[in-house]
Each structure stands twice: as structure tokens, then as C-alpha cells.
Amino acid sequence: MKRIFPAHAYGDAPREKCYWSSTIDTPDYPAAQGEITADVAVIGAGFTGLNAALHLSEAGEDVIVLEAQTPGWGASGRNGGFCCLGGAKASDKMMKRQYGEAARLEFRRGEYEAVKYAQALIAERGIDCDTHSEGETVHAHTREAIRNLEGIAESVERDLGVTSTFIPKEKLAENGMNGPFHAALTTPIGYALNPLKYTLGLAAEVARAGGRISSNSPVLGIEQGDGFTLKTPTATVRAKRLVVATNAYSSDDLPNWMAGRYLPTQTNVIVTRPLSDNEIGAQGWSTHQMSYDDRFFLHYFRLMPNKRMLFGMRGGLFSSQAADARMNRKIRKDFETMFPHWAHVETPYNWHGLVALSSDLTPYTGPIPEMPGAWTSLCYHGNGVALGSYAGALIADQMLGRSGARLHPEIMQRPHRKIPLGRFRRATFWPVYTYAWLRGE
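According to my numbering, the sequence shown holds residues 78 to 518 in order.
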């Protein structure tokens with residue numbers, strides 16, 4: 078495998094203290110063994126792969142899902158659990174300039190469709206994944222950032238017909254949001270959830286529909302001829318069609334088209350012990366809203382119904398035991414600065430994971446160019462709960478000849494250009510990250 082992060086990033090250490098793993102047992106899906114045939118092979122048992130497998134299996138396709146570790150082991154089972162608008166880092170201005178106003182508006186509406194899709198799926202399938210929060214709330218960390226909130230409210234109203242609620246600084250405390258913020262804006266779209274419970278619920282639905290899930294079955298090679306031949310350590314899988322749903326945990330040679338078309342970067346999360354009512358009252362943060370601030374290295378946080386506080390932040394292009402320790406110190410410092418009355422509260426859970434960025438800061442969902450019969454979806458820019466799930470359904474629609482059944486934004490149909498410097502492409506972001514760190518963003 079040609080992965081661009083050090084091997085440490087793909088091992089057990091970054092997720093060893095992941096809180097979600099303590100909330101549910103992962104079923105024992107056996108590894109693929111021997112000679113196997115299937116209509117469709119899906120690489121990756123995360124949001125995208127499992128949603129594609131579910132719809133394909135229910136349509137009568139013989140599907141096998143090959144997962145290098147266990148379902149939800151990657152980003153799908155260790156993220157912050159924000160099912161909300163998002164999926165691109167490109168601004169409205171960037172999208173309008175590059176693709177035109179109609180395409181920009183279509184993409185924003187596609188984000189909304191993705192949230193509605195994920196929520197409907199969870200409800201219809203009865204997946205118990207600890208949902209809470211009435212939409213999401215963004216907090217202005219400077220007075221100047223208040224204008225950004227106003228812009229968000231205007232665009233959500235204009236594009237989606239949804240009215241957001243502006244909360245001025247003097248009203249934050251009475252809304253249970255006492256913190257170092259100058260205002261907040263709540264958009265009533267989406268909710269928070271336990272991402273591992275959601276992922277394992279999807280896996281159970283796939284198995285119920287007749288799909289086969291194989292854990293501990295990393296794909297080591299792909300050959301294309303009359304269909305696809307996939308090699309794992311213990312099996313040879315021959316499939317008529319292929320879905321590659323590995324996103325930030327991809328390899329540049331599985332298939333070769335992936336090389337340079339995504340950039341993994343880290344996200345980091347801590348979770349506290351349960352807070353007492355007195356501790357919650359002392360800080361004045363009692364809302365269960367999924368929240369984030371508007372920094373470049375944004376913080377995202379939410380008080381869960383069990384009174385544990387989840388606190389995450391973006392940032393990190395290095396992965397090692399020492400780099401993890403540095404990020405743990407950084408995120409803990411930021412947590413104590415933002416919530417000083419909880420500076421004494423232990424955070425027994427801390428972990429790291431990878432998210433994927435693209436050259437144009439938008440996602441791609443569609444056929445793999447020059448590889449007939451293969452599809453992929455990648456680069457959700459840290460917002461894959463809703464959009465990654467929806468992308469799996471879009472892939473299934475295309476494979477089943479149902480294109481048009483769901484809104485598939487034109488922007489998501491444009492294959493990514495390569496990022497310069499190939500396997501050294503992480504270096505292209507070092508100046509950007511360094512500048513943002515120095516500015517405190």
C-alpha cells in the first residue's frame with residue numbers, strides 16, 4: 078500500500094482511547110477466506126461503503142464488503158458525530174466563481190438532502206445511535222466574526238428556505254452557552270449522534286439484506302480484466318463491479334487513480350468523565366446543541382445527554398506517538414481556555430483520526446475514470462456523517478441504473494484534480510497550517 082501518512086496513523090494507537098468504542102461491542106464479522114465471487118465488491122465498511130452495500134443488497138445484488146479492520150474502525154467510527162450541513166471547504170464565493178451560481182445552489186441543496194436522507198434512514202431502520210441536538214450552532218470567537226454569522230443566516234434562508242436563530246452575546250448564558258463567544262447562530266438542520274452505533278447499525282442492516290461483511294480483510298491488490306480480482310491476505314475475491322469507499326484511509330495504488338487526489342489531515346477529540354450538575358452550573362454550559370466555532374482550526378463540541386462533554390479540533394499533518402501527545406496537550410489547553418470551570422475535569426478519552434481534503438475543496442462521487450465498472454466517493458472535508466452516507470446511496474443509484482432518483486449535484490460529479498507533489502503533498506499545506514497556528518486561528 079502507498080499511503081502518505083506514517084504507518085502510525087493507520088494503526089491502533091490513535092484510536093486506542095476512543096470513547097465510542099466503550100459504548101458498543103463490535104460484532105465479529107469473519108475475515109474473507111478462499112475463493113469468493115460476488116456481483117459487487119465494496120472496499121471499506123464506513124458510511125459510504127455500507128450505504129452503497131445496503132441499497133445494492135436490497136436490490137438483489139450479491140455484495141461483499143471488505144474491511145481492513147472492523148466496521149467503523151476508520152473515520153466513520155471515530156468522528157465527532159455531527160450529522161449536519163457540510164462536505165465542502167469551498168466557500169459560496171469560490172463555488173460560484175468556479176462552477177457558476179446554479180451549480181453552487183444545487184450543491185447547497187444537496188447538502189440539505191444528505192442530512193434529510195441520513196435522518197430518515199436512521200428513523201426508518203430504527204438505528205439506536207443516541208441522537209440529540211436541534212440542528213447545530215456556530216459561535217463567533219471575535220466581534221468581527223459576527224458578520225460571518227449574519228452571512229450564514231442569509232445564505233441558509235436564501236438557499237434552503239430555513240430560518241436560523243441569532244443569539245446575541247447578552248443572551249448566550251440564558252441559552253446555556255456561557256463561554257468566550259460574542260454571538261451564536263443556530264440552524265435547525267441535523268442532529269448529533271454516536272457515529273459508531275450508527276455505523277454498526279448500518280452494518281447490521283447490510284447483513285440483514287443479505288450482504289456479506291468481512292472484517293480484517295485488507296485489500297492488497299486490484300486487478301481488472303473481466304471484472305475485478307481483489308487479493309486479501311486470506312482470500313481472492315472476483316466481482317463484476319467495484320466500489321472503493323476508503324476516503325482518508327485510502328492508498329495511492331488501490332487503485333492507482335487515487336494517487337494525489339485526496340489529502341488526509343488529522344482531527345482530534347477528547348471526552349470528559351460525566352459532569353456533575355454543580356459543574357455544569359458553574360460553567361454555565363448546559364445546552365446539548367452540537368456546536369462549533371468559526372476558526373480555521375475550528376473547535377467542535379457538545380454536551381451529550383449522559384453529561385460527558387465532547388471537544389474536538391481540526392488540525393495536524395503529522396502522525397507519531399510524539400505528535401499525538403503534542404495534539405493532546407494542545408486540545409486539552411484549548412478546552413480549559415474555553416471552559417475554565419472544567420479545567421479540573423478529567424478527559425479519560427482522547428483519540429485521533431483522518432479526514433480527507435481535495436484540491437478544489439469539494440467532494441467527488443461517481444465512476445472511477447479509466448476504470449469501467451468501478452465507483453468511488455471521497456473528500457467530505459470532515460463532514461461525512463450525512464454526505465458520506467448520502468454518497469453511498471448515490472453510488473448505488475448509479476450502479477442500479479437509477480441516476481436521477483436523488484439529487485446528485487453537478488459539483489460532486491467532477492473528478493478531483495491531483496494535488497501537487499504527489500506522495501509529498503502534505504508539504505503543500507504546511508505553510509497554510511503554520512500561518513493559521515501563528516495567528517491563533
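Cβ coordinates follow ideal geometry from the N, Cα and C atoms, glycine included.
| query | result |
| --- | --- |
| Beta carbon of residue 122 nearer than 7 Å to that of residue 144 | yes |
| Other residues of its chain near residue 293: CB distance less than 7 Å, five sequence neighbours each side excluded | 108, 146 |
| Outcome for residue 353 when other beta-carbon atoms lying within 10 angstroms are tallied against a minimum of 16 | exposed |
| Cut-off 6 Å between Cβ atoms - residues of its own chain near residue 103, not counting five sequence neighbours on either side | 147 |
| As assigned by DSSP and simplified to three states, the class of residue 282 | helix |
| Residue 84 versus 241, 326, 409, residue with shortest Cα-Cα distance | 326 |
| Buried versus exposed call for residue 133 [16 or more other C-beta atoms within 10 Å across all chains shown] | buried |
| Environment of residue 297 [buried if 16+ CB atoms lie within 10 Å] | exposed |
| Residue 151 versus residue 224 - alpha carbon distance | 36 Å |
| contact_flag[the region 162 to 181, the region 347 to 361] where n(CB pairs < 8 Å) is 3 or more | no |
| Per-residue burial, residue 153 [other beta carbons within 10 Å of its own, 16 or more giving buried] | buried |
| Inter-residue Cα distance where the pair is residue 187 and residue 481 | 13 Å |
| Local conformation of residue 347 per DSSP, three classes | strand |
| Spatial neighbours of residue 413 in its chain, beta-carbon cut-off 8 Å, leaving aside the 5 residues before and after | 419, 420 |
| Validate contact between the region 335 to 344 and the region 465 to 478 using beta carbons, cut 8 Å, 3 pairs | no |
| Neighbour-count burial assignment, residue 392, 16 or more Cβ in a 10 Å radius | buried |
| Counted within 10 angstroms of its Cβ, other Cβ atoms place residue 333 as buried (16 or more) or exposed | exposed |
| Beta-ladder partner(s) of residue 308, from DSSP | 298, 313 |
| Short Cβ contact (7 Å threshold) for residue 260 with residue 246 | yes |
| Opening and closing residue of the beta strand (DSSP E) in which residue 370 lies | 367 to 370 |
| Exposure label - residue 99; buried when at least 16 CB within 10 Å | exposed |
| The region 311 to 322 in contact with the region 442 to 454 per 3-pair CB rule at 8 Å | yes |
| Enclosing beta strand (DSSP E) for residue 192 [first to last residue] | Not the beta strand (DSSP E): residue 192 falls in the alpha helix (DSSP H), residues 178 to 202. |
| Contact set for residue 516: own chain, Cβ-Cβ below 6 Å, skip 5 residues either direction | The predicted model places residue 516 with a pLDDT of 49, which falls under 50 and marks its position as unreliable, so this point remains unresolved. |
| Bounding residues of the beta strand (DSSP E) (the contiguous stretch that carries residue 429) | 426 to 434 |
| Close-in-space but distant-in-sequence residues of the same chain around residue 242 (CB under 6 Å, 5 per side omitted) | 263 |
| Whether residue 255 touches residue 362 by CB criterion (7 Å) | yes |
| According to DSSP, residues forming a beta bridge with residue 114 | 315 |
| Same chain, Cβ closer than 6 Å to residue 465, five either side skipped, listed in chain order | 124, 125, 457 |
| Reference residue 199, options 501, 212, 268, 227, closest by Cα | 268 |
| Under the three-state DSSP convention, the category residue 380 falls into | strand |
| Bridge-paired residues (DSSP) for residue 497 | Per DSSP, none; premise fails for residue 497. |
| Residue 251 to residue 273 span [Cα, whole Å] | 33 Å |
| Beta-carbon gap between residue 438 and residue 166 smaller than 7 Å | yes |
| Assigned exposure category for residue 149 - 16 Cβ within 10 Å defines buried | buried |
| Residue 426 vs residue 193 beta-carbon contact at 7 Å | no |
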